[in-house]
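A.B. asks: Heads up, the sequence shown is in the numbering used here, so the first residue is 3 and it goes up one at a time. Glycine included, C-beta positions come from ideal geometry on N, C-alpha and C. Please read these numbers as outputs of a predicted model, since none were measured by experiment.
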Amino acid sequence: MLIPLPIILFVVLLIFSIKNAKQKVNVNKHVLIRLLVLALSIGLIYLLCYISSGRKGILGALYLSAYFTGAWILYILVEAISFFVIKRNQLANSNLIILAFIAFIVAMVIVQFS
């Protein structure tokens, strides 16, 4: 029952970002918004899990933040492809740089925990 909700949210956000990209968009603002969304949502996930379960909820927060990071990476990748299609190459390149940065961070976390 809840599976269509993220798909609907994904499509709505993609349509909204493409409509905004057709107008003049500042690349720095675009990158800052994407990174702040990631950082604030992961921080909110950890805060809510810590408040609800104490220190026992941190492992669950790790799983939830990994799930959200994966969905966010997929969204950024699809958004980059759509920016290339509508010929907004600066925004698409900035999304690919964000993806490279996040992939590096995820790889370092995996190396650290393994």
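Between the beta-carbon of Phe103 and the beta-carbon of Ala94, is there less than 7 Å?
C.D. replies: Residue mapping note: residue 103 aligns to position 101 of the sequence shown, counting from 1. Residue mapping note: residue 94 aligns to position 92 of the sequence shown, counting from 1. Taking 7 Å as the Cβ cut-off, Phe103 and Ala94 do not qualify as a contacting pair.
A.B. asks: Give the straight-line distance between the Cα atoms of Leu49 and Leu38, rounded to the nearest whole angstrom.
C.D. replies: Counting from 1 along the sequence shown, the entry for residue 49 is found at position 47. Counting from 1 along the sequence shown, the entry for residue 38 is found at position 36. Looking at the two C-alpha atoms, the distance is approximately 16 Å.
A.B. asks: With a CB to CB cut of under 6 Å and the five nearest residues on each side skipped, what residues in its chain are close to Asn22?
C.D. replies: The residue given as residue 22 occupies position 20 in the sequence shown. Correct list: empty, nothing qualifies.
A.B. asks: Can you tell me which of Val33, Gln114 and Ile9 puts its alpha carbon nearest to the alpha carbon of Ala82?
C.D. replies: Against the sequence shown, residue 82 aligns to sequence position 80. Looking at the Cα atoms, Val33 is the closest of the given residues.
A.B. asks: Taking its Cβ as the centre, do 16 or more other Cβ atoms sit within 10 Å of Met3, making it buried, or is it exposed?
C.D. replies: Here residue 3 is taken as the residue at index 1 of the sequence shown, counted from 1. Per-residue confidence for Met3 stands at a pLDDT of 48, beneath the threshold of 50, marking its modelled position as unreliable; the derived number appears in the next sentence. That one is exposed.
A.B. asks: Between the C-alpha atoms of Phe115 and Ala109, what's the straight-line distance to the nearest angstrom?
C.D. replies: The residue labelled residue 115 in the question sits at position 113 within the sequence shown. The residue labelled residue 109 in the question sits at position 107 within the sequence shown. Taking the straight line from one Cα to the other gives about 10 Å.
A.B. asks: Give the list of continuous beta strand (DSSP E) stretches no shorter than 3 residues that lie fully inside the region 40-77.
C.D. replies: none
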